[in-house]
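These notes are about the structure you will find just below.
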Amino acid sequence: MRGLVFTGNRQVDLREFPDPVPGPDEVVVKMRASGLCGSDLHPYRMDRAQATISGHEPCGEVAALGPGVIGAAVGDRVIIHHYSGCGHCKYCRIGYDQLCVRGHKTYGFGANGGNADFVTVPARTLVCLPDELSFDAGAAIACGTGTAYMALKKLDVSGRDTLAIYGQGPVGLSATLLGKAMGARVVAIDVTPARVEHARRLGADVIVNPSERDPVEAVRQLTQGEGAQATLDCTGNATARAQTVRSARVFGRACFVGEGGTVQLEPSPDIIHRHLTLYGSWTFSSVGLEECARFIVDRQVPLEGLITHRFRLDQAVVGFQEFDKGETGKCVFVM
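For the sequence shown, my numbering begins at 405 and goes up steadily by one.
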C-alpha cells in the first residue's frame, strides 16, 4: 500500500508499505478521505524526517477484521478516533484515550496514520459515520470540526449568546458553522482576508480583521459595551488569546483550543474581578465525536462548505504547499 511521510523541511514522500494485517481486536480500514490539520504543519516544517505515516483525520470503510472483533463489520463507514490508550483506565472508559494514565498513541504521529490506502487501528476507536455525511465531511469531523464542537459545548453556546471566534482556519470556520447552528450571533475574527470572507459565506454575522480594527473594541461596540457572552481562541497566538479573554463580558466564558504559544494576562482585572470562566479544550472523546456527527446531520449543518481543496495522495506535495500558505479552508486527501 501507499503511505505519505514527512521527510523534513517541508518535503513529503509517498512510499510503498506492506499491506496491513489486523491483529486481535483490530480492524483494517480502507481510507476514503483524510484531512489536513494545522497540527500536521509542525512535523511538515521540521528539519528532520518522521518515521510514521502522517494523517490524523481518517475516515473510510472497514476492510478486514482481526480475531475477536465485535461491533464492527466489513463495509462499515467509519470515522477513526485518532488516539489509542490502554482501554481500561478511567479516562479510556469514557472515550478520552488521549488522557490514558498509561500513555497513548496518536495515529499520524507516534503510529501510522490515515494518509495512506489503509490504516490498522483497534476496533474500539471506530465511530459510525452517518449515511447522510460524505467521507470528506467525516475527515473534517475527525479532528478540526470535532474540536470546535467540543469547545462550543463546554462554552454552552446558545441563541442567547454573541460568540466571538478568534482565528478562521479550519477549526475556527467549523466553530462559525456550528455556532450558527446552535443559534448564536457569530463574530468571526482573522487577519487573512480570504478566511474572514469564507467565514461570511458560512454565515458569520460580523467579520473583523484585527489588522484594520481592534477586535476587542469591535465586539464591545456590537454588545452595548459589555462584551461577548462566549469567546473562543483557535489561533494559539499570544495577542489573540489575550483578546479572547478581554472581549468576553463580566460573567462571560472564554475557551482556548489553539495549541502552542503563550499568553500574558493579569489574573485580577482580566479574570477574577470579572467572574470570567476560562476553559481549555483538547480535541474530544470518541463519544463526543459521534455526538458531533449526529448534530451535523440533525441540524443540517452545511459542512461541505468548509472544504475548499481536495487532493489525491499523489498530489501531496502541492496539497501541503497550498495548506501551508494559511489561506485555505479545510483541505482533504481523497482516495
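For each residue, glycine too, the CB sits at the ideal point set by N, CA and C.
Bridge partners of residue 408, per DSSP? Locating residue 408 in the sequence shown gives position 4, where the first residue counts as 1. Residue 408 pairs with 418.
Rounded to whole angstroms, what's the CA-CA distance from residue 537 to residue 670? Just pull it up for me. By one-based count along the sequence shown, residue 537 stands at place 133. By one-based count along the sequence shown, residue 670 stands at place 266. Answer to the nearest angstrom: the Cα atoms are 44 Å apart.
Supposed close pair residue 468, residue 431 - CB separation, criterion 8 Å: Here residue 468 corresponds to residue number 64 of the sequence shown, with the count starting at 1. Here residue 431 corresponds to residue number 27 of the sequence shown, with the count starting at 1. The pair is a contact, with the Cβ atoms about 7 Å apart (cut-off 8 Å).
Based on DSSP bridge pairs, tell me the residues matched to residue 437. Here residue 437 refers to the residue found at position 33 of the sequence shown. Residue 437 pairs with 463 and 738.
From the DSSP output, which residues share a beta bridge with residue 684? Along the sequence shown, read from residue 1 onward, the residue named residue 684 stands at position 280. Answer is 660, bridged to residue 684.
Bridge partners - residue 712, DSSP secondary structure assignment: Counting from one through the sequence shown, the residue named residue 712 turns up at place 308. In DSSP, residue 712 forms no bridge with anything.
Hey, could you find the ends of the alpha helix (DSSP H) residue 570 is sitting in? Along the sequence shown, read from residue 1 onward, the residue named residue 570 stands at position 166. Careful: residue 570 lies outside any alpha helix (DSSP H), inside the beta strand (DSSP E) at 566 to 570.
Residue 501 classed as buried or exposed, judged by whether at least 16 other C-beta atoms fall within 10 angstroms: For the purposes of this step, residue 501 is identified with residue 97 of the sequence shown, where counting begins at 1. Buried, because 16 or more other Cβ atoms sit within 10 Å of the Cβ of residue 501.
Identified DSSP bridge partners for residue 729: Here the question's residue 729 lines up with position 325 in the sequence shown. Per DSSP, none; premise fails for residue 729.
Would you mind stating whether residue 545 and residue 642 have Cβ atoms separated by less than 7 Å? Start at 1 with the first residue of the sequence shown, and residue 545 comes out as number 141. Start at 1 with the first residue of the sequence shown, and residue 642 comes out as number 238. Result no, Cβ atoms of residue 545 and residue 642 do not sit closer than 7 Å.
Residue 611, enclosing beta strand (DSSP E) - first and last residue: Position 207 of the sequence shown, counted from the start, is the residue given in the question as residue 611. Counting along the chain, the beta strand (DSSP E) containing residue 611 begins and ends at 610 to 612.
Who does residue 511 pair with in a DSSP beta bridge? Stepping through the sequence shown from its first residue, residue 511 is reached at position 107. Residue 511 pairs with 515.
Thinking residue 634 and residue 721 are a contact (beta carbons under 8 Å), I'd like their distance in whole angstroms, please. Here the question's residue 634 lines up with position 230 in the sequence shown. Here the question's residue 721 lines up with position 317 in the sequence shown. Rounded, the Cβ-Cβ distance is 40 Å, inconsistent with contact.
For residue 437 versus residue 513, is the C-beta spacing smaller than 7 Å? As a first step, residue 437 is located in the sequence shown; it is residue number 33 there, counting from the start. As a first step, residue 513 is located in the sequence shown; it is residue number 109 there, counting from the start. Cβ distance not < 7 Å, so residue 437 and residue 513 don't count as in contact.
Sequence-distant residues of the same chain with beta carbon closer than 7 Å to residue 496, five excluded per side: By one-based count along the sequence shown, residue 496 stands at place 92. Same-chain partners within the cutoff: 489, 490 and 504.
For residue 482, which option in 551, 682, 518 and 442 has the closest C-alpha, if you only look at C-alpha atoms? Here residue 482 is taken as the residue at index 78 of the sequence shown, counted from 1. It is 518 whose Cα lies nearest to the Cα of residue 482.
Rounding to the nearest angstrom, what Cα-Cα distance links residue 466 and residue 667 in this structure? Working through the sequence shown from its first residue, we reach residue 466 at position 62. Working through the sequence shown from its first residue, we reach residue 667 at position 263. Cα-Cα distance, rounded: 43 Å.
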